[in-house]
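*Asks:*
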Amino acid sequence: PLAIADSPLGLTETQLACGLAAAVGHCYPLYHGFRGGKGAGTLIGVVLWMFPMVALAMLAVWLLVLISSGYVGLSTVMAGLCFPIALYLLQSP
Numbered sequence: 022p023l024a025i026a027d028s029p030l031g032l033t034e035t036q037l038a039c040g041l042a043a044a045v046g047h048c049y050p051l052y053h054g055f056r057g058g059k060g061a062g063t064l065i066g067v068v069l070w071m072f073p074m075v076a077l078a079m080l081a082v083w084l085l086v087l088i089s090s091g092y093v094g095l096s097t098v099m100a101g102l103c104f105p106i107a108l109y110l111l112q113s114p
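So the sequence shown is numbered by our numbering: it starts at 22 and just counts up by one.
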């Protein structure tokens, strides 16, 4: 969906909307009664497509936390929390 939204329209807002819709759809799947989904993988795909340098920073944080703590869930949360900081530092003009 992101590649399709990018090619004819070139709108970042459209890409963000498609990515957000995909992540929400994975977090709250209709066929599971809007419970029990996992959206982290989908969200990192969106971030990797739109902000590759931010995705690398998130990967570095994820790996550091995983190596130091051994918890995948904690690593995912910490990488998610670093997203706005990395986005601000790496994408600001």
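Ideal placement from N, C-alpha and C gives every residue a C-beta, glycine not left out.
Are the segment 96-109 and the segment 72-81 in contact at 8 Å, needing three or more beta carbon pairs?
*Replies:* Yes, they touch.
*Asks:* Using the Cα positions of Ser44 and Arg56, report the straight-line distance between them to the nearest angstrom.
*Replies:* Your numbering for residue 44 matches position 23 in the sequence shown. Your numbering for residue 56 matches position 35 in the sequence shown. First, the amino acid is wrong: residue 44 is Ala here, not Ser. Distance between the alpha carbons of Ala44 and Arg56: 13 Å.
*Asks:* Using 8 Å as the threshold, is the C-beta distance between His47 and Gly60 below it?
*Replies:* As a position in the sequence shown, residue 47 is number 26, starting the count at 1. As a position in the sequence shown, residue 60 is number 39, starting the count at 1. Yes, the Cβ-Cβ distance between His47 and Gly60 is below 8 Å.
*Asks:* Could you give the DSSP three-state label for Ile60: helix, strand or coil?
*Replies:* Within the sequence shown, residue 60 is the residue found at index 39, counting from 1. Before going further, note that residue 60 is Gly rather than Ile in the sequence given. Here Gly60 sits in coil by DSSP.
*Asks:* Within the same chain, show all residues whose beta-carbon is closer than 7 Å to that of Leu95, passing over the 5 residues directly before and after it, in chain order.
*Replies:* Position 74 of the sequence shown, counted from the start, is the residue given in the question as residue 95. Taken in chain order, the residues that qualify are Val86.
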